[in-house]
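Peer 1: In the numbering used here, the protein residues as written are 1 to 251. This is the structure I want to talk about, given as structure tokens.
What follows is the structure in structure tokens.
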């Protein structure tokens with residue numbers, strides 16, 4: 001486990017490392033830069049997960065399932081919100097369903113924690129949850145990333161997945177998603193891209209999401225404006241900070 005400065009969670013847990021670029025939202029993924037640094041530091045878990053492309057590092061597509069980390073949350077006694085696989089995607093095609101089931105076993109054994117699983121592959125998430133009969137756990141939230149209108153269809157796959165909480169991360173928001181249907185989605189995170197190659201986020205795109213959330217009673221969390229210096233641009237939207245969290249259904 002690692003504590004984190006990510007505004008909507010408390011810690012990260014990475015039983016899987018490595019990924020690949022599949023849509024424009026992945027282009028400037030912070031995890032590629034972090035994985036390259038960890039590889040350079042000799043952390044075996046990240047060896048060979050990235051390669052140099054021009055003046056930056058990108059995913060090779062290789063993933064590593066870290067058996068040693070599976071039981072780590074069992075040792076964490078203080079309740080935390082835990083972002084699962086900040087350095088990968090649990091539902092990457094090369095992560096075996098049996099390994100995903102073992103992640104579920106750990107989450108079920110630690111009900112004092114809340115787990116937040118975010119994927120860009122919600123179609124596989126829906127299939128694995130159904131095919132493997134993974135139980136709906138009140139401490140496990142399932143989400144998908146949507147960066148622009150071209151991938152709004154991910155929300156349909158998310159809705160098809162049984163979950164105590166379904167959430168969407170509109171980050172990095174690089175285009176309008178004003179036609180998104182948030183029915184059945186309990187939580188929306190909104191954030192602009194940050195870092196040296198960041199693409200701009202328009203305020204009107206955020207306004208659209210805010211109104212969508214109001215229409216569907218979806219909790220609205222505004223993470224950041226982003227940019228080269230995200231601390232300078234801050235988190236204020238409409239003159240205030242939005243840190244809304246979803247209500248959890250009991251099972």
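Ideal placement from N, C-alpha and C gives every residue a C-beta, glycine not left out.
1. If I'm right that residue 93 touches residue 51 with Cβ under 8 Å, what's the distance once you round it to whole angstroms?
2. Can you give me the Cβ contacts of residue 113 inside the same chain, cut-off strictly under 8 Å, excluding the 5 residues immediately before and after it?
3. Where residue 201 and residue 100 are concerned, what is the direct C-alpha to C-alpha distance, given to the nearest angstrom?
4. Considering only DSSP beta bridges, list what residue 66 is partnered with.
5. Considering only the beta carbon of each residue, do residue 175 and residue 148 sit closer than 8 Å?
6. Return the first residue and the last residue of the alpha helix (DSSP H) that residue 212 is part of.
7. From 24, 10, 167, 195, pick the residue whose C-alpha is nearest to that of residue 150; which is it?
8. Quick check: the segment 57-70 against the segment 11-23, are at least 3 beta-carbon pairs closer than 8 Å?
9. Determine whether the beta carbon atoms of residue 31 and residue 86 lie at a separation below 8 Å.
10. Comparing alpha-carbon positions, which option in 228, 221, 229, 247 lies nearest residue 238?
11. What's the gap between the Cα of residue 15 and the Cα of residue 170?
12. Rounded to whole angstroms, what's the CA-CA distance from residue 67 to residue 126? Just pull it up for me.
13. Note down, in chain order, each residue of its chain lying with its Cβ closer than 7 Å to the Cβ of residue 71, except the 5 sequence neighbours on either side.
14. Going by other Cβ atoms of all chains shown within 10 Å of its Cβ, with 16 needed for buried, is residue 84 buried or exposed?
15. Just mark residue 198 as buried or exposed, buried being the case when its beta carbon has 16 or more other beta carbons within 10 Å.
16. For residue 181 and residue 247, what's the separation of their Cα atoms in angstroms?
17. To the nearest angstrom, how far is the alpha carbon of residue 46 from that of residue 88?
18. By DSSP, does residue 16 sit in helix, in strand, or in coil?
19. What number of angstroms, rounded off, separates the C-alpha of residue 120 from the C-alpha of residue 142?
20. On a Cα-Cα basis, can you pick out the residue from 173, 97, 166 that is closest to residue 136?
21. Could you give the DSSP three-state label for residue 162: helix, strand or coil?
22. Spell out the partners DSSP gives residue 3 in its beta bridges.
23. If you scan the segment 98-126 from start to end, which runs of the beta strand (DSSP E) of 3 or more residues do you find wholly inside it?
Peer 2: If we stick to the structure as given:
1. Actually they do not touch by this definition, with Cβ atoms about 19 Å apart.
2. Excluding sequence neighbours, residue 113 sits near 73, 76, 79, 80, 81, 82, 107, 139.
3. Rounded to the nearest angstrom, the two C-alpha atoms are 34 Å apart.
4. Residue 66 pairs with nothing; no bridge assigned.
5. Their beta carbons are under 8 Å apart, which means residue 175 touches residue 148 by this criterion.
6. 203-216
7. 24
8. The segment 57-70 and the segment 11-23 touch, with three or more beta-carbon pairs separated by less than 8 Å.
9. Taking C-beta atoms as the reference points, residue 31 and residue 86 count as a pair closer than 8 Å.
10. 221
11. 24 Å
12. 24 Å
13. 106
14. buried
15. buried
16. 19 Å
17. C-alpha separation (whole angstroms): 11 Å.
18. strand
19. 11 Å
20. 166
21. coil
22. 11
23. Every beta strand (DSSP E) of 3 residues or more that sits fully in the segment 98-126 is shown, in chain order, as 114-119.
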